[in-house]
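Undergrad:
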Amino acid sequence: MKSALDQAEAVQGAAAAAVRLTPRRGRLLREMAKRYDLYLMLLLPIGWYLLFQYGPLYGLQIAFKNFSPAKGILASEWVGLDNFHRFFDSYYFNRLLWNTFTINLFSMLVAFPIPIALALICNEIPSRKFGKWLQNITFIPHFMSVVVIVGILNVFLSPETGPINALIEALGGQPIRFLEDASWFKPIFIGSNIWQNMGWQSIIYIAALSGVNPQLYEAAKMDGASRLRRVWHVSLPGIVPVIVIMLILDIGHFMDIGFEKILLMQNNLNIEASDVISTFVYTTGIQKGEYSYTAAIGLFNSVINLILLLLVNRFARKVSETSLW
Amino acid sequence: MSKQAAASKPSDERWFDAIVYILAALVMAAVLYPLIFVISASFSDPAKVLGGEVWLLPKNVSMAAYQNILHNRDIWNGYLNTIIYAAIGTAINMIMTILAAYPLSRPDLPGRKLIMVVITLTMFFSGGLIPTYLLVKNLGMVNTLWALIVPGAIATYNLIVMRTYFQTSIPWELQEAAHMDGCSNWRMLWNIILPLSKPILAVMVLFYAVGHWNSFFNALIYIRDESKYPLQIVLREILMISQSDAVDANVGLESKVLLAESIKYAVIIVSSLPMLILYPFVQRHFVKGVMIGSIKG
Amino acid sequence: MRKQWKKIAIGTMIVPALALAGCSSGNNGNNGNASASPSGSSVVSETGFPLTEKPVTLKMFTRIAPANGPFKDMPVFQDYEKMTNVHVDFTEAPTDGFQEKKNLLFASNELPDALYRSGLTQLEATRYGASGQLIPLEDLIDKYAPNLKKLMDEYPEIRSGITTPEGHIYAIPGIVTLGAARTDKKWINQAWLKKLGLQMPETTDDLYNVLVAFRDKDPNGNGKQDEIPMTARAGTPGQGLPIVNLMSGSFGLDQQLGYNINIADDKVEIWMGSDRNKEMLQYLNKLYKEKLLDPQLFSQTEAQYLAKQGSGATGVFFDQTNNNFLPIQDQYTGMAPPAGPHGDRLQAQASPIARDFGAFAITNVDKYPELTMRWIDYFYSDEGSTMLRFGREGENYELRDGVPYYTDKFLSVEGAQGKITPYAGGGAPHLIDDHVASFINPPQVQEAQEKLDPYMPKVRYAAPMFDEATAQKVNELRNDIDKYYEEQSTKFIAGALSFDKWDEFQKTLKKMNIDELQKIYQDAYDTMKK
Numbered sequence: 001m002k003s004a005l006d007q008a009e010a011v012q013g014a015a016a017a018a019v020r021l022t023p024r025r026g027r028l029l030r031e032m033a034k035r036y037d038l039y040l041m042l043l044l045p046i047g048w049y050l051l052f053q054y055g056p057l058y059g060l061q062i063a064f065k066n067f068s069p070a071k072g073i074l075a076s077e078w079v080g081l082d083n084f085h086r087f088f089d090s091y092y093f094n095r096l097l098w099n100t101f102t103i104n105l106f107s108m109l110v111a112f113p114i115p116i117a118l119a120l121i122c123n124e125i126p127s128r129k130f131g132k133w134l135q136n137i138t139f140i141p142h143f144m145s146v147v148v149i150v151g152i153l154n155v156f157l158s159p160e161t162g163p164i165n166a167l168i169e170a171l172g173g174q175p176i177r178f179l180e181d182a183s184w185f186k187p188i189f190i191g192s193n194i195w196q197n198m199g200w201q202s203i204i205y206i207a208a209l210s211g212v213n214p215q216l217y218e219a220a221k222m223d224g225a226s227r228l229r230r231v232w233h234v235s236l237p238g239i240v241p242v243i244v245i246m247l248i249l250d251i252g253h254f255m256d257i258g259f260e261k262i263l264l265m266q267n268n269l270n271i272e273a274s275d276v277i278s279t280f281v282y283t284t285g286i287q288k289g290e291y292s293y294t295a296a297i298g299l300f301n302s303v304i305n306l307i308l309l310l311l312v313n314r315f316a317r318k319v320s321e322t323s324l325w
Numbered sequence: 001m002s003k004q005a006a007a008s009k010p011s012d013e014r015w016f017d018a019i020v021y022i023l024a025a026l027v028m029a030a031v032l033y034p035l036i037f038v039i040s041a042s043f044s045d046p047a048k049v050l051g052g053e054v055w056l057l058p059k060n061v062s063m064a065a066y067q068n069i070l071h072n073r074d075i076w077n078g079y080l081n082t083i084i085y086a087a088i089g090t091a092i093n094m095i096m097t098i099l100a101a102y103p104l105s106r107p108d109l110p111g112r113k114l115i116m117v118v119i120t121l122t123m124f125f126s127g128g129l130i131p132t133y134l135l136v137k138n139l140g141m142v143n144t145l146w147a148l149i150v151p152g153a154i155a156t157y158n159l160i161v162m163r164t165y166f167q168t169s170i171p172w173e174l175q176e177a178a179h180m181d182g183c184s185n186w187r188m189l190w191n192i193i194l195p196l197s198k199p200i201l202a203v204m205v206l207f208y209a210v211g212h213w214n215s216f217f218n219a220l221i222y223i224r225d226e227s228k229y230p231l232q233i234v235l236r237e238i239l240m241i242s243q244s245d246a247v248d249a250n251v252g253l254e255s256k257v258l259l260a261e262s263i264k265y266a267v268i269i270v271s272s273l274p275m276l277i278l279y280p281f282v283q284r285h286f287v288k289g290v291m292i293g294s295i296k297g
Numbered sequence: 001m002r003k004q005w006k007k008i009a010i011g012t013m014i015v016p017a018l019a020l021a022g023c024s025s026g027n028n029g030n031n032g033n034a035s036a037s038p039s040g041s042s043v044v045s046e047t048g049f050p051l052t053e054k055p056v057t058l059k060m061f062t063r064i065a066p067a068n069g070p071f072k073d074m075p076v077f078q079d080y081e082k083m084t085n086v087h088v089d090f091t092e093a094p095t096d097g098f099q100e101k102k103n104l105l106f107a108s109n110e111l112p113d114a115l116y117r118s119g120l121t122q123l124e125a126t127r128y129g130a131s132g133q134l135i136p137l138e139d140l141i142d143k144y145a146p147n148l149k150k151l152m153d154e155y156p157e158i159r160s161g162i163t164t165p166e167g168h169i170y171a172i173p174g175i176v177t178l179g180a181a182r183t184d185k186k187w188i189n190q191a192w193l194k195k196l197g198l199q200m201p202e203t204t205d206d207l208y209n210v211l212v213a214f215r216d217k218d219p220n221g222n223g224k225q226d227e228i229p230m231t232a233r234a235g236t237p238g239q240g241l242p243i244v245n246l247m248s249g250s251f252g253l254d255q256q257l258g259y260n261i262n263i264a265d266d267k268v269e270i271w272m273g274s275d276r277n278k279e280m281l282q283y284l285n286k287l288y289k290e291k292l293l294d295p296q297l298f299s300q301t302e303a304q305y306l307a308k309q310g311s312g313a314t315g316v317f318f319d320q321t322n323n324n325f326l327p328i329q330d331q332y333t334g335m336a337p338p339a340g341p342h343g344d345r346l347q348a349q350a351s352p353i354a355r356d357f358g359a360f361a362i363t364n365v366d367k368y369p370e371l372t373m374r375w376i377d378y379f380y381s382d383e384g385s386t387m388l389r390f391g392r393e394g395e396n397y398e399l400r401d402g403v404p405y406y407t408d409k410f411l412s413v414e415g416a417q418g419k420i421t422p423y424a425g426g427g428a429p430h431l432i433d434d435h436v437a438s439f440i441n442p443p444q445v446q447e448a449q450e451k452l453d454p455y456m457p458k459v460r461y462a463a464p465m466f467d468e469a470t471a472q473k474v475n476e477l478r479n480d481i482d483k484y485y486e487e488q489s490t491k492f493i494a495g496a497l498s499f500d501k502w503d504e505f506q507k508t509l510k511k512m513n514i515d516e517l518q519k520i521y522q523d524a525y526d527t528m529k530k
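Chains as they are written, first to last, in the working numbering: chain H, 1 to 325; chain Z, 1 to 297; chain R, 1 to 530.
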């Protein structure tokens, strides 16, 4: 088994060695000239990034302005941090932050590992046909719109006609109004997300697993490793780079939650638990055309995300030698 | 996989298999049940669905919903538009993403880290709705399909995933060897990298295609003509009707509410079908184990 | 790292160029209009039809409701074009996403000539008026809108409800002089009352007893306890609780100035933290707890609510018309507001005459504002309103004693009505009076309205117009306060929050500066009174 792992490391090591070469200026230009065609490839994408991603960035300034459409972005009146103060002083600020934070944290703890486990199951199943079926079936919910998912939740969890409450009543319990109870909101939201996305998210891991060198398995087997140990010592390490990248990306979006599903599930009885920054931005900002306020909240969100990303990326680079850059 | 070829299985292997099967079956059941419910509901009398009587199999089987859809011009028009947007959009997405991902996966490319930082930052900061809208407007793309395709030509997330795949799954020695043979970078990309990357390409096609298929927000903002609406907007109109509450917003709506209720589930099935059909074709590539032959060969 | 940031800085340098491009195109548009406007005005004829000799095309942005078909296929716009020589090019944004598109039009300065059925809020009208994107209409109304002017003279509250403190009108409302189109009737199941031998409830206690009987005595006679004693719309989060609005009158809680406001002796009181409000919430809580109020009160969809109306399994519910339960209309009858514990008997829930604020507005790119004003004014006459609501005589409607009715043949086609008129879906800029109300105001609805009429407040003050800065302030205050009130009320009613917390509730309202809000409304009221 050791030999197999060494081999893998040797491959990675070679790549790492290439990175470590730090050419001096003259050599650098030569290196660059030699690879001019690579830059040529990058021309179009970089141009696109500058135009479509960096171009509109000047719009961020409206977070510090009172955006007036007639005056345009540049000429709008400067108000400093007013928009931020309005958000921080809002009665709902703490609640929004708390909900956004906890929903994501729980999602990460619960929902992140599940697709990995599913990918491993798919990979380990002896019958390839069954594995294929499993994959094909688990990815289906991903194609359903949020409206439908919420619709299904409504029917399923209905206290009057839903099967879940029918079961509870049959067992002698009182029906639970799941969707109108703040304490149930997060479990239901996260659970249904898992249901919808686990198959889909596992695709990336399945693809990565298919790229793991089979010789490593053979070698591990020679060394007498059990199946479980092979999963642990070959499959998992084989996809660690992908896992780490996915984790970094996830954490980089820690503060983002799509507003649509929450908005559809939200009502005044569960809002204590369901009020998050994105729904707040949508209902009080975008729909009412308060772009400056929206921009300020968005910027606040982005900064937190970026800080998290930088921290995690740094950590990941130290621990697993994988990072975004 | 080759490990299956082992002729005799020790008992711990059989236990392991059993547990894997049980887990798989549980997952499958949990995922399937709601799906079966939707399918059953789509074939049932809407009154029974609304009354909560359908829970596994269709009640009062009726094809009315599907017949209604068949005659709904909006849906078919949206369907056609979405197919066009998704096809052209995905093609552009793939070209752009590959062109960016490959050079950035090269450890010998000076400046790639800087470029990666520049690119990654865009995941966190965007100028927001208005400047983007002004840009698209100034480029004359409002109310054209380009407004739905060009501003989202690269998903940075996908770019990073693809780059990571190129880096970790294609051995660097292979590329170095090709270079020794005098292979240009374009040829390398076309003849070596891409054929070796079928799994990730398949995944990316699926990611992008599904993204186009399900997206509506850009269309909501940039598309004005109803004849250019993608399927999702038509769907939303059908599925969201139940949310109106204006004072006389209901006039002439009763029949439409009922129709919406009745075709809701069928519409979901019909609208998800193309992606469901696309998947198995793409899925072949995942399990092929494309890498095996070429690395040590 | 520093080097990298430099590169980014270069990236952002593109920016000013783009921004300038954005601005200058907007400016060009404005300049172009300023010069074009006088020449355009000569086109309009002062009176009569056609409005112009030379055909003119106007671009309008409108909302298309799910019930509607394309506007260009509506007989009203086809016929009106022939009459007026004005072609209207409608950009139709669906109800879903309309808000976003509307605001983007202003944000990107990409304006149409006019906004039709635009549902502008007061804040939007003030904001875009102050920025010059919407033009002031008061002079145009005086000169070119005789019908509208007549209505505004007849009902002065229209003018005060749409005029900013500076004296400008930036948006024209949909006007509803028909009282019955401004209230939700209280429908009660008279078949059940009769079967159980009950009297029409006169007080809130009566109502409670009746609802208990509805719940327990199986009035629909199917042996199951499946009756819903009372239900109401769930409402849209952030837009108030319908059940509170509908019941507040019995507890002495009026809804003046378009808000939760009582006015007594020229004193404005926002009553959300008052003891009367506590009593009302306690009453509703009692109903909810004992399952007299629909348990789905806070979660049902519009479709579910309409289905309940039509099913006949409901004791009491609220709606403007009987359109949704026509097949079983005889089961129901209108009810007067019940008198509360302090003898209050008020129909608080009622819209002002200028019911649909911001239904129509003209922008600064319109080269023919006079013509546009004449174009829209027609719909504030009986004739024009008939055309808008009923379509073509013979094809869609017939006159009975001079009053338009949809033909039976036309009504028999499902959904046809919404296709021919922009009034379906709400918010169209036109006049709704008793002349054009045969469909929404049949005898049964009239009767139900008569039950409410004695209890309507003498004056119904519309939501006041604020200047831009105040409007923004009100918006900020109300964003927090309304959201909080709605949430907590829901919890009080549903029993998720104990009334022990009432003090805390009051304190939080204070903390959210409800007093400041009250002051602003008081000032607005005082100005209005002068």
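Note that CB positions come from ideal geometry on N, CA and C, so glycine has one too.
Beta carbons nearer than 8 Å to chain R: which residues of the region 107-138 of chain Z have them?
TA: Leu114, Val117, Val118, Leu121, Leu129, Ile130, Pro131, Tyr133, Leu134, Leu135, Lys137, Asn138
Undergrad: Does any CB atom of chain H fall closer than 8 Å to the CB of Phe16 of chain Z?
TA: Residue numbering aside, residue 16 of chain Z sits at position 16 when the second sequence is read from its first letter. Phe16 of chain Z counts as touching chain H.
Undergrad: How about the region 77-90 of chain R and the region 42-59 of chain R: do they share at least three Cβ pairs that are nearer than 8 Å?
TA: yes
Undergrad: Buried or exposed, going by whether 16 or more other CB atoms sit within 10 Å of the CB of Ser278 of chain H?
TA: Along the first sequence, one-based indexing puts residue 278 of chain H at 278. Sixteen is the threshold: when 16 or more other Cβ atoms of the shown chains lie within 10 Å of the Cβ of Ser278 of chain H, as they do, the residue is buried.
Undergrad: Does the CB of Asp254 of chain R have a neighbour CB from chain H at under 8 Å?
TA: Working through the third sequence from its first residue, we reach residue 254 of chain R at position 254. So, not an interface residue.
Undergrad: Are the CB atoms of Asn193 of chain H and Ile176 of chain H within a distance shorter than 8 Å?
TA: On the first sequence, position 176 is the one that residue 176 of chain H refers to. On the first sequence, position 193 is the one that residue 193 of chain H refers to. For Ile176 of chain H and Asn193 of chain H, no; Cβs fall outside 8 Å.
Undergrad: By the 10 Å Cβ neighbour count, where 16 or more other Cβ atoms means buried, how is Arg182 of chain R classified, buried or exposed?
TA: Start at 1 with the first residue of the third sequence, and residue 182 of chain R comes out as number 182. The residue is buried, with at least 16 neighbouring Cβ atoms inside 10 Å.
Undergrad: Candidates R:Trp271, R:Leu517, R:Glu487, R:Ala524: which alpha carbon is nearest Ala182 of chain H's?
TA: Start at 1 with the first residue of the first sequence, and residue 182 of chain H comes out as number 182. For Ala182 of chain H, the nearest C-alpha among the options comes from R:Glu487.
Undergrad: Shorter than 8 Å from the beta carbon of Leu517 of chain R to some beta carbon of chain H?
TA: In the third sequence, residue 517 of chain R corresponds to position 517, counting from 1. Chain H, which has no Cβ nearer than 8 Å to the Cβ of Leu517 of chain R, makes this no.
Undergrad: Let me know the beta strand (DSSP E) ranges lying completely inside the region 339-415 of chain R, each 3 residues or longer, listed in chain order.
TA: 356-362, 397-400, 403-406
Undergrad: On the three-state DSSP scale, how would you describe Ala264 of chain R?
TA: For the purposes of this step, residue 264 of chain R is taken as the residue at position 264 of the third sequence. Correct three-state label for Ala264 of chain R: strand.
Undergrad: Which residues, taken in chain order from the region 129-147 of chain R, show a beta carbon closer than 9 Å to some beta carbon of chain H?
TA: Per Cβ criterion, the list reads Ala130, Ser131, Gly132, Gln133.
Undergrad: Touch check for the region 295-303 of chain R and the region 226-246 of chain R: three-plus C-beta pairs under 8 Å?
TA: Yes: at least three Cβ pairs fall under 8 Å.
Undergrad: Could you tell me how far apart the beta carbons of Ile263 of chain R and Tyr525 of chain R are, in whole angstroms, since I believe they sit closer than 8 Å?
TA: Working through the third sequence from its first residue, we reach residue 263 of chain R at position 263. Working through the third sequence from its first residue, we reach residue 525 of chain R at position 525. With 8 Å as the limit, Ile263 of chain R and Tyr525 of chain R qualify as a contact, their Cβ atoms being about 7 Å apart.
Undergrad: Going by Cα to Cα distance, which pick from R:Asp382, R:Tyr380, R:Leu411 is closest to Gly394 of chain R?
TA: Looking up residue 394 of chain R in the third sequence gives position 394. Of the candidates R:Asp382, R:Tyr380, R:Leu411, R:Leu411 places its Cα closest to the Cα of Gly394 of chain R.
Undergrad: Rounding to the nearest angstrom, what Cα-Cα distance links Pro151 of chain Z and Asn396 of chain R in this structure?
TA: As a first step, residue 151 of chain Z must be located in the second sequence, where it is residue number 151. As a first step, residue 396 of chain R must be located in the third sequence, where it is residue number 396. Looking at the two C-alpha atoms, the distance is approximately 46 Å.
Undergrad: Given this structure, state the Cα-to-Cα distance separating Gly80 of chain H from Met272 of chain R, to the nearest angstrom.
TA: For this step, residue 80 of chain H is matched to residue 80 along the first sequence. For this step, residue 272 of chain R is matched to residue 272 along the third sequence. Cα-Cα distance, rounded: 34 Å.
Undergrad: Which residues, in chain order, does the region 260-274 of chain H contribute to contact with chain R at a C-beta distance below 8 Å?
TA: Gln266, Asn267, Asn268, Leu269, Ile271, Glu272
Undergrad: Below 8 Å on the Cβ atoms is my contact criterion, and I expect Thr490 of chain R with Asn268 of chain H to pass it. Report the Cβ-Cβ distance as a whole number of Å.
TA: On the third sequence, residue 490 of chain R is found 490 positions in, with the first residue counted as 1. On the first sequence, residue 268 of chain H is found 268 positions in, with the first residue counted as 1. That belief holds up - the Cβ atoms of Thr490 of chain R and Asn268 of chain H are roughly 4 Å apart, short of 8 Å.
Undergrad: Could you pull the DSSP bridge partners for Leu431 of chain R from this structure?
TA: In the third sequence, counting from the first residue as 1, residue 431 of chain R sits at position 431. DSSP lists R:Ile175 as partners of Leu431 of chain R.
Undergrad: For the beta strand (DSSP E) that contains Ile138 of chain H, what are its first and last residues?
TA: In the first sequence, residue 138 of chain H corresponds to position 138, counting from 1. Note on identity: in this sequence residue 138 of chain H is Thr, with Ile being the wrong assignment. Per DSSP, Thr138 of chain H belongs to no beta strand (DSSP E); it is in the alpha helix (DSSP H), 128-139.
Undergrad: Could you confirm whether any beta carbon from chain H is found closer than 8 Å to the beta carbon of Asn218 of chain Z?
TA: For the purposes of this step, residue 218 of chain Z is taken as residue 218 along the second sequence, with counting starting at 1. Cβ-Cβ to chain H under 8 Å: no for Asn218 of chain Z.
Undergrad: Tell me Phe318 of chain R's beta-bridge partners as DSSP assigns them.
TA: Against the third sequence, residue 318 of chain R aligns to sequence position 318. Note: Phe318 of chain R sits in a beta bridge opposite R:Lys186.
Undergrad: Note down, in chain order, each residue of its chain lying with its Cβ closer than 6 Å to the Cβ of Gln187 of chain R, except the 5 sequence neighbours on either side.
TA: Stepping through the third sequence from its first residue, residue 187 of chain R is reached at position 187. The amino acid occupying residue 187 of chain R in the given sequence is Trp; Gln does not appear at that position. The residues are Phe317, Tyr332.
Undergrad: Give me, in chain order, the residues of the same chain whose beta-carbon lies closer than 8 Å to that of Phe87 of chain H; leave out the 5 immediate sequence neighbours on both sides.
TA: Indexing the first sequence from 1 puts residue 87 of chain H at position 87. Cβ neighbours of Phe87 of chain H beyond the five flanking positions: Phe93, Tyr293, Ala296, Ile297, Phe300.
Undergrad: Against chain H, does Ser458 of chain R count as a neighbour if the rule is that its beta carbon must be under 8 Å from one of theirs?
TA: Within the third sequence, numbered from 1, the residue matching residue 458 of chain R stands at position 458. Residue identity differs from the one stated: residue 458 of chain R is Lys in this sequence, not Ser. By this cut-off, Lys458 of chain R is not an interface position.
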